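Quick note: to get the working numbering, add 250 to the position in the sequence shown (first position is 1).
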Amino acid sequence: MRVQCELCPKGCVIEPGQSGECRIRVNVDGKLLAVTYGHPCAVHVDPVEKKPLFHFLPGTGILSIATVGCNLHCKNCQNWEISQANPEETPAVELLPDQIPALAKKYDCLSAAYTYTEPMVFYEYALDSCIRAKEAGLRNALVTAGYINEKPLRRLCQFVDAANIDLKALSDRFYRDICRATLKPVLNALVVSKAMGVEVEVTNLIIPTLNDSDDMLRALSRWIVRNLGRETPLHFSRFFPHYQMRNLPPTPAETLDRAKQIAESEGLHFVYIGNITRPKAGDTFCPGCGQRLVHRYGYLVLENRIREGKCPDCNTSIYGLWEPKP
Numbered sequence: 251m252r253v254q255c256e257l258c259p260k261g262c263v264i265e266p267g268q269s270g271e272c273r274i275r276v277n278v279d280g281k282l283l284a285v286t287y288g289h290p291c292a293v294h295v296d297p298v299e300k301k302p303l304f305h306f307l308p309g310t311g312i313l314s315i316a317t318v319g320c321n322l323h324c325k326n327c328q329n330w331e332i333s334q335a336n337p338e339e340t341p342a343v344e345l346l347p348d349q350i351p352a353l354a355k356k357y358d359c360l361s362a363a364y365t366y367t368e369p370m371v372f373y374e375y376a377l378d379s380c381i382r383a384k385e386a387g388l389r390n391a392l393v394t395a396g397y398i399n400e401k402p403l404r405r406l407c408q409f410v411d412a413a414n415i416d417l418k419a420l421s422d423r424f425y426r427d428i429c430r431a432t433l434k435p436v437l438n439a440l441v442v443s444k445a446m447g448v449e450v451e452v453t454n455l456i457i458p459t460l461n462d463s464d465d466m467l468r469a470l471s472r473w474i475v476r477n478l479g480r481e482t483p484l485h486f487s488r489f490f491p492h493y494q495m496r497n498l499p500p501t502p503a504e505t506l507d508r509a510k511q512i513a514e515s516e517g518l519h520f521v522y523i524g525n526i527t528r529p530k531a532g533d534t535f536c537p538g539c540g541q542r543l544v545h546r547y548g549y550l551v552l553e554n555r556i557r558e559g560k561c562p563d564c565n566t567s568i569y570g571l572w573e574p575k576p
């Protein structure tokens, strides 16, 4: 019997014994099963800044977990070896949700991230892991393309503290041509996550000739200000040739600088540059008095002056989750 998957907007109708586009949700005797449940292909401890999350427990380690699979097929994917792989062809370990809190605490992590590939397709595993982590006093973070239907997203967000959500371009054509997806569900995921109290940060990977025009950068920044708020952190990330886009050059540093200037001119308070070292590009400044609050070099936090979520100089509240869970 065919089964239709209702997890993401693709709505795959799956034949018996077959999988959806994500490769991991399989029709087994008329029921959909996520065959990678409890079997991640990647388990690492990262600095939380690597996600990137700059307004979430800065300077701490985060247990980072991924299984095979993704419901997007981005031509530029840097993790394509696991995001576009078949589960049966990829080495994995057993790590059940109940085991995650102890592993996180063993390595002094205050949080767990569901990341690298696409946590929205290993949904049940991510959800159960988030619940167990919360019960153990840990925080949870997602790194996601945000391509998910609203009902399962709302269920998951109840247990998520922070999310970095890709906004690849404010262009449906870009999503169709480069990712085999559509824009509207991603915008909805951003708005819903923010409305549910998740600390949302946005990443935009700037790809030369595809999404690097002033108009596109301005439109994206303006949308964030109007729909998520000017306090929402935006990370402009440098593109490097990967997967099916090895013909394009890395993003010029000048393009990233220009993007940052445009976003700030549109009113965004916290704009960062990633995948490249630029002076002050990773620093957090107070939108009230302009003083530097967090000094970063790459993923390393050299100084964090934020106290109880506020600037120590002018008492302005700084958007984010700055303290461990009580």
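Just so you know, even glycine gets a beta-carbon here, dropped at the ideal spot from N, CA and C.
Small disclaimer: the values here were computed from a predicted structure and weren't measured.
Could you check whether residue j and residue i sit closer than 9 angstroms to each other, using their CB atoms as the reference points?
i	j	result
Lys-418	Asn-390	no
Pro-483	Gly-559	no
Leu-313	Ser-361	yes
Cys-327	Tyr-493	yes
Arg-488	Ile-456	yes
Thr-365	Ile-315	yes
Pro-537	Ile-556	no
Lys-434	Phe-409	no
Glu-449	Leu-283	no
Of all the options the options, which has the alpha carbon lying nearest to the alpha carbon of residue i?
i	options	result
Cys-539	Asn-565, Thr-459 and Pro-574	Asn-565
Ala-445	Asp-411, His-289, Tyr-493 and Leu-360	Asp-411
Pro-308	Glu-299, Lys-560, Ile-315 and Ser-314	Glu-299
Met-466	Arg-546, Lys-510, Tyr-493 and Tyr-366	Lys-510
Pro-259	Thr-459, Lys-301, Leu-403 and Trp-473	Leu-403
Asn-525	Arg-542, Glu-516 and Pro-491	Pro-491
Ala-342	Cys-380, Glu-368 and Tyr-287	Tyr-287
Glu-368	Ile-274, Ala-531 and Asn-438	Ile-274
Val-441	Asp-422, Gly-396, Ser-379 and Ile-428	Gly-396
Lys-281	Gly-261, Thr-505, Leu-470 and Gln-254	Gln-254
Phe-535	Pro-529, Gln-268, His-545 and Arg-528	His-545
Asp-587	Ser-515, Arg-423 and Glu-265	The chain is shown from 251 up to 576; residue 587 falls before or after that span and cannot be answered.
Thr-453	Pro-574, Phe-409 and Val-436	Val-436
Gln-349	Arg-382, Ala-376 and Cys-324	Arg-382
Asn-399	Leu-257, His-289 and Pro-537	Leu-257
Cys-324	Met-495, Gly-532, Glu-504 and Lys-356	Met-495
Pro-290	Glu-271, Asn-438 and Ala-363	Ala-363
Lys-637	His-485, Asn-438 and Asn-554	The chain is shown only over 251 to 576; residue 637 falls outside these bounds and no answer can be derived.
Cys-272	Ala-431, Asn-554 and His-519	Ala-431
Ala-376	Asp-427, Pro-347 and Asn-554	Pro-347
From residue i to residue j, what distance separates their C-alpha atoms?
i	j	result
Val-293	Ile-415	20 angstroms
Glu-451	Leu-353	26 angstroms
Cys-561	Tyr-522	19 angstroms
Pro-576	Val-263	In this predicted model, Pro-576 has a pLDDT of only 46, less than 50, meaning its place in the structure is not dependable; the value taken from the coordinates is given anyway. Their Cα atoms are separated by approximately 45 angstroms.
Leu-345	Ser-333	19 angstroms
Asp-358	Glu-265	44 angstroms
Ala-413	Val-278	32 angstroms
Gln-268	Arg-252	10 angstroms
Pro-529	Val-285	45 angstroms
Leu-470	Cys-429	17 angstroms
Asn-477	Gly-517	13 angstroms
Asp-378	Pro-297	23 angstroms
Pro-458	Arg-423	16 angstroms
Arg-542	Lys-301	22 angstroms
Trp-473	Arg-480	10 angstroms
Gly-447	Ala-513	23 angstroms
Asn-329	Leu-392	16 angstroms
Thr-531	Val-276	It should be pointed out that residue 531 corresponds to Ala in this sequence rather than to Thr. So the two alpha carbons sit approximately 43 angstroms from each other.
Gly-270	Ser-443	25 angstroms
Glu-573	His-305	10 angstroms
Thr-310	Cys-407	22 angstroms
Arg-508	Gly-261	38 angstroms
Thr-505	Asp-533	19 angstroms
Val-475	His-485	14 angstroms
Val-295	Pro-351	13 angstroms
Lys-356	Asn-554	25 angstroms
What does residue i pair with, by DSSP beta-bridge criteria?
i	result
Gly-311	Pro-297
Thr-394	Ile-415
Lys-281	Val-278
Glu-449	Ala-412
Glu-553	His-545
Asn-454	Phe-486
Phe-372	Answer is none; Phe-372 lacks a bridge partner.
Ile-568	BP columns for Ile-568 are empty, so no partner.
Does the beta carbon of residue i sit closer than 9 angstroms to a beta carbon anywhere in chain C?
i	result
Ala-316	Of the protein chains in this structure there is only one, and it is not chain C.
Going by the C-beta, is residue i closer than 8 angstroms to any heavy atom of the ligand FAD?
i	result
Gly-548	With respect to the ligand FAD, the structure offers nothing, as it holds no ligand at all.
Does the region 481-501 come close enough to the region 540-560 that 3 or more CB-CB pairs lie under 8 angstroms?
no
Could you check whether the region 327-345 touches the region 385-403, counting it as contact only if at least three pairs of C-beta atoms, one from each stretch, sit closer than 8 angstroms?
no
Is the region 314-323 close to the region 356-373, with three or more CB pairs under 8 angstroms?
yes
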